[in-house]
Amino acid sequence: MKTLGNILWFLFGGFLLWLEWVLAGILLCITIVGIPAGIQCFKIAGLCALPFKKEIIHEPIGFGNTFFNILWIMVFGWEIALTALLSGLLWCITIVGIPFGKQFFKLAAISLFPFGTKAVRA
Numbered sequence: 012m013k014t015l016g017n018i019l020w021f022l023f024g025g026f027l028l029w030l031e032w033v034l035a036g037i038l039l040c041i042t043i044v045g046i047p048a049g050i051q052c053f054k055i056a057g058l059c060a061l062p063f064k065k066e067i068i069h070e071p072i073g074f075g076n077t078f079f080n081i082l083w084i085m086v087f088g089w090e091i092a093l094t095a096l097l098s099g100l101l102w103c104i105t106i107v108g109i110p111f112g113k114q115f116f117k118l119a120a121i122s123l124f125p126f127g128t129k130a131v132r133a
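Position 96 (the sequence shown) corresponds to 107 in our numbering; numbering is contiguous.
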């Protein structure tokens with residue numbers, strides 16, 4: 012069932028979020044300073060492609076993660092989080108779309124604070 016959910020997810024909204032993360036990663040990897048953030052973007056893009064088999068784990072937050080999260084919110088984070096939040100709200104209007112809405116809300120949270128989090132198989 013999770014495989015079918017991932018296929019439907021990618022076709023009906025996950026592609027847009029995945030594309031935003033990939034474009035952000037490419038833009039950040041163009042600069043030498045942005046490469047660590049770009050690599051994190053590509054990791055989260057993988058989560059956006061197949062979210063139903065993964066869950067998010069928050070690692071201990073240090074100064075570096077907090078600093079990069081603040082920079083991230085100012086540059087890319089709020090746009091991607093807003094896209095995920097609005098998509099989640101639209102999916103939750105219907106009863107059938109609630110599982111997709113939950114995944115969008117999960118990705119909205121990681122879109123604001125991507126540093127210090129990682130995705131693992133559930």
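The beta carbon of each residue, even a glycine, is placed where N, CA and C say it ideally should be.
DSSP state of residue i mapped onto helix, strand, coil
i	result
Thr94	helix
Ile68	strand
Val44	coil
Ala130	strand
Gly24	helix
Leu39	helix
Leu73	Sequence inspection shows Gly at residue 73; the Leu mentioned does not correspond to that position. Three-state result, Gly73: coil.
Leu61	coil
Selection from the options that minimises the alpha carbon distance to residue i
i	options	result
Pro71	Gly16, Arg132, Val44 and Pro125	Pro125
Trp83	Ile104, Ile46 and Ile109	Ile46
Whole-Å CB distance - residue i paired with residue j, under 8 Å assumed
i	j	result
Gly24	Phe111	7 Å
Val107	Ile68	About 29 Å; that fails the 8 Å criterion.
Ile91	Glu31	5 Å
Thr94	Leu34	Not really, about 12 Å apart at Cβ, beyond 8 Å.
>> I'd like the ranges of any alpha helix (DSSP H) spanning at least 4 consecutive residues and lying wholly in the segment 93-128.
In response: 109-123
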